[in-house]
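Those protein sequences? They're chains D and G, same order as listed. Numbered per our numbering, the first sequence spans residues 279 to 628. Numbered per our numbering, the second sequence spans residues 279 to 628.
Number of protein chains: 2
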Amino acid sequence: MELSERKKKILKSVIDSYIRTGEPVGSKLLTGTADLQVSSATIRNEMSELERMGFLEQPHASAGRVPTAEGYRTYVNGLMEQYLLSLEELKVLNEVFNYKVSEIERLMESASHAISEMTNYTSFSVIRPSGRNAQRFETLYIDEHSFLLIMICTDGSIRNRHVKVRMSVDPEMLKTVADALNATMSGVCSEDVTLQSVLEFEELLGTHSGIAATVLRVIYDMLNSTDSEKVHIDGVTKLLSYPEFSDVEKAKDAIALFEDRRDFAQKIMSRSNDEKGLTVHFGEADLPDAGIVLQPIIINGKTVGAIGVMGPKRMNYKKVIASLQYFVDNVGKQFEGEIKNEQEHGKKPE
Amino acid sequence: MELSERKKKILKSVIDSYIRTGEPVGSKLLTGTADLQVSSATIRNEMSELERMGFLEQPHASAGRVPTAEGYRTYVNGLMEQYLLSLEELKVLNEVFNYKVSEIERLMESASHAISEMTNYTSFSVIRPSGRNAQRFETLYIDEHSFLLIMICTDGSIRNRHVKVRMSVDPEMLKTVADALNATMSGVCSEDVTLQSVLEFEELLGTHSGIAATVLRVIYDMLNSTDSEKVHIDGVTKLLSYPEFSDVEKAKDAIALFEDRRDFAQKIMSRSNDEKGLTVHFGEADLPDAGIVLQPIIINGKTVGAIGVMGPKRMNYKKVIASLQYFVDNVGKQFEGEIKNEQEHGKKPE
DNA sequence: TTTAGCACTTGCTCTCTACGAGTGCTAATA
DNA sequence: TATTAGCACTCGTAGAGAGCAAGTGCTAAA
């Protein structure tokens, strides 16, 4: 069922207008618009057909039309024109990159903040947790009663804890601890820790075995510390400015999505994992009036996280998509083959 | 202006009832209550006087009475009876402690979650950032192209970054780097880094000076990384269930408080720093309908953070205060002189 | 195929009324 | 003198009805 040019024009106009005003769009309103040189009656007929085809719907009999999810989808997939970020907007987005932050986490947080401000919707970023198998352990002497226990994981990520103990420690003893750990615990994940490995570890410590329990406890904690998804959310209250959420119940539903961050992250990641590019979701997740634009962040072929925007279903997709795309393009440039641009990074701190 | 026993009783009954129902309390409603063996007319007279004294007010002429901030204050400061946590509730709170987490941060997060669930209000925890003067630096070899750069701060806190470089590194070279850093950068905070120290540092690196820029950049980042307050917030949506926030604008104001976490943390800490114990705030911070109960967490004499509850001004202070107090008492037991209970900690991971 | 015209539907806003809750005051009572 | 019953009064709320505006679908003419 291909749409005629005129139907496309009308659908686009309806959605553009609805996005702008939030009011159902009537036939009369469109007569003035754009290059539609037909009367309201004609438009009415077309709209009625668009309704029959599932692109539009009426909130009630005597109201104008409102896009359906299907309508939005076709709009996003081709009807809408491209949004050109203004110089102002580019400046804001570039600032995120200029203030060179080394970690992608921070970078995404700033971007998310900037995008939320720019678009006036809620924006979020999620960083996927990395695996948690210990590969190697190191210890570092801090002072007589404390040391740093460092765990290097198989995926290259690093975790550490500052361990405080009553007995006194010294660098040499700590070396023994690290060696013993590496001999017995390397490669384990939380479930792999067996009684045997524990006993072996204690044995290897020899005279220092008094510290074993504390160390084991810390390691257990580190392995288990569900190095959870890192979630940042920006501009939640912005949602509440839109009439879609002016009912507290609706507002509650929307905000509840962000309430449990871990849960939210998992939802987001499960939608991002298989995707290579930007996706748009209309009225999902018990939020019939919300839309979500989701952009996975892929670095060196791995999906490391996602950044996205949530707004009313009638949000300004053009602008949101343009912003997210601009961000992800540049994040790619900055992080792909991270090691290469050491020189560039190497500016003096001012 | 001392309150007569009967006035106290009436004030208490009014507030109890208002907290329970959220409805303005009329004189008739109280006749049945408690040990008030007087007619509604008498109560009416008393209430009218309580209003004149500033403890009660009327939303409008023909409505019942509602407590003022002053009314709540006297209520909290003595009128209300103590709340006894139920076995159920104690169990929930104890679970927080039983699942021994080493870091206070996590502990407070769990507690905040538990308290939010128990009370059905929003609960939050804030951990104060620690100072950020570098005291000592360490490096740790990870692999040929990366190492861990560790910064030990004057207050004993530790920060580190995983640094990736293009050139190849080895443990010995990293030792040189650490030594050079310690010689030139020890004791600095972000503003202290001078051109001179940078030059000195580069000189000390000798043949390895190629790495200087990267290292400096990371250190600059670490020093500046506003190791911000760690904020956890739980149950924001719960607020929206109360009629006080059924208006979206009010809801927005309430939620906005939590929007900028750093800002929120600072507000909270500025209210907690000088306090030794629990404080209650009624209708502050542009939130005329909200109440906040704040409990600073003090360990070894230092205010390390705070935990609190925000609810409608007519929240169940008894219960909230009891829960917070129970938590803080036990946190004290667990963390005061942390090092002492090494044995106790030393249970085997199961 | 398009358009003008018109009857019809529906939600919204305004006004009016009735009602109920609660008060303050007055006069009677213990 | 403190308390109470009684009553007029105030005010907010809920509901009914009227009028209005927006927008539709249908019909008949261009």
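In this text, a Cβ means the ideal position worked out from N, Cα and C, and glycines have one as well.
Exposure of residue i, with buried meaning 16 or more beta-carbon neighbours within 10 Å
{"i": "residue 362/G", "result": "exposed"}
{"i": "residue 338/G", "result": "exposed"}
{"i": "residue 533/D", "result": "buried"}
{"i": "residue 510/D", "result": "buried"}
{"i": "residue 495/G", "result": "buried"}
{"i": "residue 564/D", "result": "exposed"}
{"i": "residue 448/D", "result": "exposed"}
{"i": "residue 525/D", "result": "exposed"}
{"i": "residue 294/G", "result": "buried"}
{"i": "residue 423/D", "result": "exposed"}
{"i": "residue 298/D", "result": "exposed"}
{"i": "residue 367/D", "result": "buried"}
{"i": "residue 280/D", "result": "exposed"}
{"i": "residue 360/G", "result": "exposed"}
{"i": "residue 573/G", "result": "buried"}
{"i": "residue 349/G", "result": "buried"}
{"i": "residue 282/G", "result": "exposed"}
{"i": "residue 452/D", "result": "buried"}
{"i": "residue 284/G", "result": "exposed"}
{"i": "residue 528/D", "result": "buried"}
{"i": "residue 586/G", "result": "buried"}
{"i": "residue 522/D", "result": "buried"}
{"i": "residue 622/G", "result": "A caution first: residue 622/G carries a pLDDT of 37, below 50, which makes its placement in the model unreliable, though a value can still be read off. With fewer than 16 Cβ atoms within 10 Å of its Cβ, residue 622/G is classed as exposed."}
{"i": "residue 531/G", "result": "buried"}
Reduced DSSP secondary structure (H/G/I, E/B, other) of residue i
{"i": "residue 628/G", "result": "Annotation note: pLDDT 32 at residue 628/G (below 50); position unreliable, no value reported."}
{"i": "residue 617/G", "result": "Below a pLDDT of 50, predicted positions are generally treated as unreliable, and residue 617/G, at 42, falls in that range; no measurement from the model is reported."}
{"i": "residue 344/D", "result": "strand"}
{"i": "residue 557/D", "result": "strand"}
{"i": "residue 303/G", "result": "strand"}
{"i": "residue 507/D", "result": "coil"}
{"i": "residue 280/G", "result": "coil"}
{"i": "residue 544/D", "result": "helix"}
{"i": "residue 355/G", "result": "helix"}
{"i": "residue 594/D", "result": "coil"}
{"i": "residue 602/G", "result": "helix"}
{"i": "residue 499/G", "result": "helix"}
{"i": "residue 329/D", "result": "helix"}
{"i": "residue 474/G", "result": "helix"}
{"i": "residue 520/D", "result": "coil"}
{"i": "residue 466/G", "result": "coil"}
Expected contact under 8 Å - CB spacing of residue i and residue j to nearest Å
{"i": "residue 540/D", "j": "residue 500/D", "result": "The Cβ separation is near 18 Å, so there is no contact."}
{"i": "residue 458/D", "j": "residue 416/D", "result": "12 Å between Cβ atoms; not a contact."}
{"i": "residue 329/D", "j": "residue 343/D", "result": "7 Å"}
{"i": "residue 608/D", "j": "residue 375/D", "result": "6 Å"}
{"i": "residue 340/D", "j": "residue 512/D", "result": "Not really, about 40 Å apart at Cβ, beyond 8 Å."}
{"i": "residue 462/D", "j": "residue 478/D", "result": "5 Å"}
{"i": "residue 403/D", "j": "residue 392/D", "result": "No, residue 403/D and residue 392/D are not in contact; Cβ-Cβ is about 11 Å, not under 8 Å."}
{"i": "residue 382/D", "j": "residue 582/D", "result": "7 Å"}
{"i": "residue 491/D", "j": "residue 483/D", "result": "Rounded, the Cβ-Cβ distance is 11 Å, inconsistent with contact."}
{"i": "residue 569/G", "j": "residue 590/G", "result": "7 Å"}
Bounding residues of the beta strand (DSSP E) (the contiguous stretch that carries residue i)
{"i": "residue 588/G", "result": "580-590"}
{"i": "residue 419/D", "result": "412-421"}
{"i": "residue 430/G", "result": "424-431"}
{"i": "residue 400/D", "result": "400-405"}
{"i": "residue 531/D", "result": "Element bounds for residue 531/D: not the beta strand (DSSP E) but the alpha helix (DSSP H), 526-537."}
Beta-bridge pairing of residue i - partner residues as DSSP gives them
{"i": "residue 567/D", "result": "DSSP output for residue 567/D lists no bridge partner at all."}
{"i": "residue 486/D", "result": "DSSP output for residue 486/D lists no bridge partner at all."}
{"i": "residue 297/G", "result": "Residue 297/G is not bridged to any residue."}
{"i": "residue 574/G", "result": "584/G"}
{"i": "residue 512/D", "result": "401/D"}
{"i": "residue 441/G", "result": "425/G"}
{"i": "residue 334/D", "result": "345/D"}
{"i": "residue 436/D", "result": "430/D"}
Range covered by the alpha helix (DSSP H) that runs through residue i
{"i": "residue 317/G", "result": "Counting along the chain, residue 317/G falls outside any alpha helix (DSSP H), and DSSP gives it neither H nor E."}
{"i": "residue 449/D", "result": "449-463"}
{"i": "residue 376/G", "result": "365-376"}
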